[in-house]
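Asks: Below is one structure. I have some questions about it.
Residue numbers (the numbering used here): 432 to 735.
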């Protein structure tokens, strides 16, 4: 989650010859042996794909799989990565994310002649394609069969179910799906102030693909639309009347106190007890977790 740089600065940064918004063909033909990952979900994906031996440095937040990064240099956080420490590792490629990593860090690395693959998936299919591209850095065929193929199989089943539903995405998918629209969903990601997800986000697309209907696709105020991370009030949540509330445990660590507070709202989800704490990494870490996320949310949304 983050605020993007102004359009002019972003365009200039993305035009830098060392900044790549897709995996360059040269790195497929000759995969780099020294990789730095500044994205926790992609560090996990590299290990799952059997490419963990390529990693020479990761962030403080790269914690999955447990123990996989023991002994590797920790290069700061996703927002304040240590540029000099990264450069000293002489990476052939740094994998980052346009939202998780700051323009300052990206620019400083590019100006030092370091190649960056700057990812930015905002759709579930883009997340699956990113996993496939990571595998092109040298993953073995059996790893691709175990970890990439199931993601595309789950995605394609969900897309086919959504396409054949009465009105497309937003209707339940899977065996339990019926002929009624899926639940109206509120999914906060932060509080103090409360923030949620808009239509131009990965989590929104995941919710929609699995049959849910985000109650704040453009935020609470149509005069000031926000398709990324709108700020909301609990009064606005009550007016939106969600039928189901998802409470991920990251980036904000929502817990039982938050469940109790939201249970006091005047909305359908509170009245029926459909307030569900969920694994935040499952719904926001694109990569090998996609298949699990699709299955879990489709099942949850189809249960009335």
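Ideal Cβ positions, reconstructed from N, Cα and C, are used throughout, including at glycine. If you're wondering where the values come from, they're calculated on a predicted model, not measured in any experiment.
If I measure Cβ to Cβ from residue 637 and keep anything under 7 Å in the same chain, skipping five residues before and after, which residues do I get?
Replies: 555, 714, 724, 728
Asks: Strictly by DSSP, which residues pair up with residue 678?
Replies: 708
Asks: Taking contact to mean 3 or more Cβ pairs, one atom from each stretch, closer than 8 Å, check whether the segment 652–660 and the segment 626–640 are in contact.
Replies: yes
Asks: Does DSSP classify residue 715 as helix, strand or coil?
Replies: helix
Asks: Report the partner residues of residue 616 according to the DSSP bridge assignment.
Replies: 645, 675
Asks: Within 10 angstroms of the Cβ of residue 491, are there 16 or more other Cβ atoms? Answer buried if so, exposed if not.
Replies: exposed
Asks: Look at the Cβ atom of residue 664, then the Cβ atom of residue 621, and state whether they are nearer than 8 Å.
Replies: No; because the gap between Cβ atoms is not below 8 Å, this pair is not in contact.
Asks: Determine, using beta carbons only, whether residue 470 and residue 528 come nearer to each other than 8 Å.
Replies: Residue 470 places its beta carbon less than 8 Å from that of residue 528.
Asks: Please say whether residue 693 and residue 709 have beta carbons closer to each other than 8 Å?
Replies: Result no, Cβ atoms of residue 709 and residue 693 do not sit closer than 8 Å.
Asks: Pick from 498, 590, 538, 700: whose alpha carbon is nearest that of residue 514?
Replies: 538
Asks: Using CA coordinates, which residue listed in 482, 456, 689 is at the minimum distance from residue 570?
Replies: Per the C-alpha coordinates, the member of 482, 456, 689 positioned closest to residue 570 is 482.
Asks: Report yes or no: do the segment 539–548 and the segment 488–507 share at least 3 C-beta pairs separated by less than 8 Å?
Replies: no
Asks: Buried or exposed for residue 731, going by 16 or more other Cβ atoms inside 10 Å?
Replies: buried
Asks: Decide if residue 485 is buried, meaning its Cβ has at least 16 other Cβ atoms within 10 Å, or exposed.
Replies: buried
Asks: Using the Cα positions of residue 586 and residue 441, report the straight-line distance between them to the nearest angstrom.
Replies: 31 Å
Asks: Since residue 561 and residue 451 are thought to touch, with beta carbons under 8 Å apart, how far apart are those beta carbons, to the nearest angstrom?
Replies: With 8 Å as the limit, residue 561 and residue 451 do not qualify as a contact, their Cβ atoms being about 13 Å apart.
Asks: Assign residue 606 to one of three DSSP states: helix, strand, or coil.
Replies: Because residue 606 sits at a pLDDT of 42, beneath the cut-off of 50, its placement in the model cannot be relied upon, and the following sentence gives the value as read from the coordinates. Note: residue 606 maps to coil in three-state DSSP.
Asks: Which one of 623, 639, 618 has the shortest CA to CA distance from residue 612?
Replies: That would be 639, whose Cα lies nearest to the Cα of residue 612.
Asks: Does the beta-carbon distance from residue 496 to residue 475 come in below 8 Å?
Replies: Remark: C-beta atoms of residue 496 and residue 475 approach each other more closely than 8 Å.
Asks: Do the CB positions of residue 465 and residue 520 come within less than 8 Å of each other?
Replies: It is a contact, given that the beta carbons lie within the stated cut-off.
Asks: What's the gap between the Cα of residue 650 and the Cα of residue 552?
Replies: 21 Å
Asks: For residue 589, which option in 445, 722, 446, 453 has the closest C-alpha, if you only look at C-alpha atoms?
Replies: 722
Asks: Does the beta-carbon of residue 687 have 16 or more other beta-carbons within 10 angstroms, so that it is buried, or is it exposed?
Replies: exposed
Asks: Please report the straight-line C-alpha distance between residue 522 and residue 594, rounded to a whole angstrom.
Replies: 43 Å
Asks: Pull up the distance between the alpha-carbon of residue 742 and that of residue 701, whole angstroms please.
Replies: In the structure as shown, the chain starts at 432 and stops at 735, and residue 742 therefore has no counterpart that could be examined.
Asks: Between which two residues does the beta strand (DSSP E) containing residue 466 stretch?
Replies: 466–468
Asks: Measuring straight from C-alpha to C-alpha, what distance separates residue 726 and residue 568?
Replies: 28 Å
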